DNA sequence: TTGTAGGCGTTATCAA
DNA sequence: TTGATAACGCCTACAA
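Protein chains in written order, with the numbering used here: chain A, 1 to 325; chain B, 1001 to 1325.
As structure tokens, then:
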């Protein structure tokens, strides 16, 4: 690989001049500029980013922490983050954390050693404490970490209320909820939204809230149990779409017809919802948009000296499909 | 951030000694070693990886190119690559290429500037030419790039033959094929495997091969058309599972019962196949394993001076589910 | 067993 | 308008 010195020698100038040409700063005569450009071309020279990073203390890299990229909710978000970071000439580093604290700390350290410029973090295990020694900007995505850390989220509680209202509006009279993990704050908000709508109903019982784990299998098992013990249930608001698919599967296996005997609505708006049969009605998040927003927010913070805390809340939207129609 | 000099000063030794302690090489007295370690602890010192990279010309980073991480086939592969690279203390960089040549070249350049240590590439648009100037090891994954570049793949043609044989064995007598894009070599192999089994059948016609694009929508539309024009078709071998889901959807919409009227088998073994109704029979690739193997192969090549070309072919396995039972 | 010093490739400051 | 040079933080001959 050619270095700046090779270019300088070939163009018969100093490295300083080459640097000026590359970075478009400082004065440089048109003639010499051309000589330098020719030399760069001829040698196929590309500046060494590592040396640059060392000098500047910044690497033009951004990291995204997600619990697990094989969970279909995250790829689209990751995609958005990558697209935006690329557009701003950043390199994108993806980290699967499994929500494991030790793993997250390892990543934080390893990436700081590489002078990463900022972090976008989806985590329900990380707290402000773990992050207090981080010197670069951080944006919490999908799940709030602390009031002092910028965040991009959706109206989980309001959206959930809307989901339950919708089930009522299409005639459901006994509505249950398959909930996400209680240590994930958006799962708690979604359950609260459900409770807002049903808590005062005379038919409501705690039995109608079943814990799922935001995954397919647990939700299917939970739904089978629910439907067998509570045959009066005619609507289910499910904490996320992956679990919604599990519920639809359970309905088939216990012989309940969807949507005739049972209406099901999920949350998230992942693509799978459109590929299953019946297709799944859902409160759709603008997944790509929130990922993109987080990336833009982070880059803004990186480029500004005084990084103010910003919080952005997006709105989810009802998407009606076969599971309720 | 503390530097090696701060540590040296605090421990009252030279930076060379600190370096020796950190890297466990060269002799260093037990007493001074302890002093150094204490100083490191006290200052919370972590070596600057950028400086290291500059000196060594290597960054301990590995990049994975995939067409699009939102395609559910890739996350599990990416996950495997990340797990293995982490285990070897490499940092993982994910790149979505959309199979766009310009984008891939941009990534190659950007990452070379960062002294990336190696590439794992899933691409059907890249050729040997594009890669000839790359100085670090490369492993082609899922799709072969050239005989001179190491690869990890599966027995696409053999697996496809097996799929068609299976359909025959359960009684199908008119078997069609929804094919992947013709510029993707594994899609071509899969079609060839299909042809191997049906080409000589008296009932076979070219009409039974319909082009899909490895995605849901195109496959659904293709299947609707096929089933409407060729009602005699009683079995479909689909080029991948995502298209398989589309075919199942199409079957419902044209009123064909699966598996009674129509048997469907896919290829890949992605998780979606188990969540849809009916569940999808498939020729399952060991997706995680091939990703992990590619990563191990690449790391081996990075660590060896004489990088021999290696080719590994995994075997796909029939997974019977409701779409054929 | 330890220290000195040069260099990895850039950038930015200061002179010229 | 250009050049010489000192960093950035680390590692490794070579000396001591």
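All C-beta atoms, glycine included, are put in the ideal place defined by N, C-alpha and C.
Here the structure is a predicted model, which means the values were calculated and not measured.
When only Cα atoms are considered, residue 1098(B) and residue 193(A) end up about 39 angstroms apart. The alpha-carbon separation between residue 20(A) and residue 2(A) amounts to approximately 17 angstroms.
In the structure shown, the three-state DSSP call for residue 1018(B) is helix. Leaving aside the five residues that flank residue 1289(B) on each side, the residues in its chain whose CB is nearer than 8 angstroms to its CB run, in chain order, 1080, 1314. Taken through DSSP and simplified to helix, strand or coil, residue 1268(B) comes out as strand.
The beta-bridge partner set that DSSP reports for residue 1140(B) consists of 1121(B), 1151(B).
When C-beta atoms of the stretch 143-161 of chain A are compared with those of the stretch 215-229 of chain A, fewer than three pairs fall below 8 angstroms, so the two segments do not count as touching. Cβ contact annotation for residue 210(A) (same chain, cutoff 8 angstroms, sequence separation greater than five): 176, 177, 178, 179, 222, 223, 225, 226, in chain order. For residue 76(A), the chain B residues whose Cβ falls inside 9 angstroms of its Cβ are 1069, 1070, in order along the chain.
Interface annotation, residue 1099(B): not in contact with chain A, CB-CB separation never under 7 angstroms.
The residues 178, 244, 247, 266, in chain order, have a CB closer than 6 angstroms to that of residue 238(A) in the same chain once the five nearest residues on each side in sequence are set aside. Within its own chain, the residues whose Cβ lies closer than 6 angstroms to the Cβ of residue 1076(B), once the five positions on either side in sequence are excluded, are 1287, 1288, listed in chain order. With 16 or more neighbouring CB atoms inside 10 Å of its own CB, residue 1035(B) falls in the buried class. The Cβ-Cβ distance between residue 17(A) and residue 7(A) does not fall below 7 angstroms. The stretch 1107-1125 of chain B makes contact with the stretch 1290-1298 of chain B, as at least three CB pairs between them are under 8 angstroms. Where residue 1313(B) is concerned, the enclosing beta strand (DSSP E) starts and stops at 1311-1314.
Distance between residue 1061(B) and residue 1137(B), taken at the CA atoms: about 12 angstroms. Positions of the beta strand (DSSP E) runs, each at least 3 residues long and wholly inside the stretch 208-241 of chain A, are given as 209-211, 235-238 in order along the chain. Counting every other CB atom within 10 Å of its CB across the protein chains shown gives residue 253(A) a total below 16, marking it as exposed.
Per DSSP, the unbroken alpha helix (DSSP H) holding residue 1074(B) starts and ends at 1074-1087. Residue 247(A) carries a helical assignment under DSSP once its states are collapsed to helix, strand and coil. In chain order, 46, 47, 48, 49 make up the part of chain A whose C-beta sits under 7 angstroms from the C-beta of residue 1113(B). Sequence-distant partners of residue 84(A) (beyond 5 residues in either direction) whose C-beta falls short of 7 angstroms from its own C-beta, in its chain, are 292, 295, 296. Judged by their CB atoms, residue 50(A) and residue 1115(B) are nearer to each other than the 7 angstroms cut-off. In this structure, residue 174(A) places its C-beta atom within 7 angstroms of the C-beta atom of residue 234(A). A Cβ-Cβ contact shorter than 7 angstroms links residue 240(A) with residue 214(A).
Apart from sequence neighbours up to five positions away, the residues of its chain that approach residue 1310(B) with a beta-carbon distance below 7 angstroms are 1150, 1297, ordered along the chain.
Between residue 1190(B) and residue 1146(B), the CB-CB gap reaches or exceeds 7 angstroms. Straight-line spacing of the CA atoms in residue 212(A) and residue 157(A) works out to 18 angstroms. Residues of the stretch 1264-1289 of chain B with a C-beta atom less than 7 angstroms from some C-beta of chain A are 1272, 1275, 1276, 1277, listed in chain order. Each residue's CA atom was taken as its position, placing residue 320(A) and residue 281(A) some 5 angstroms apart.
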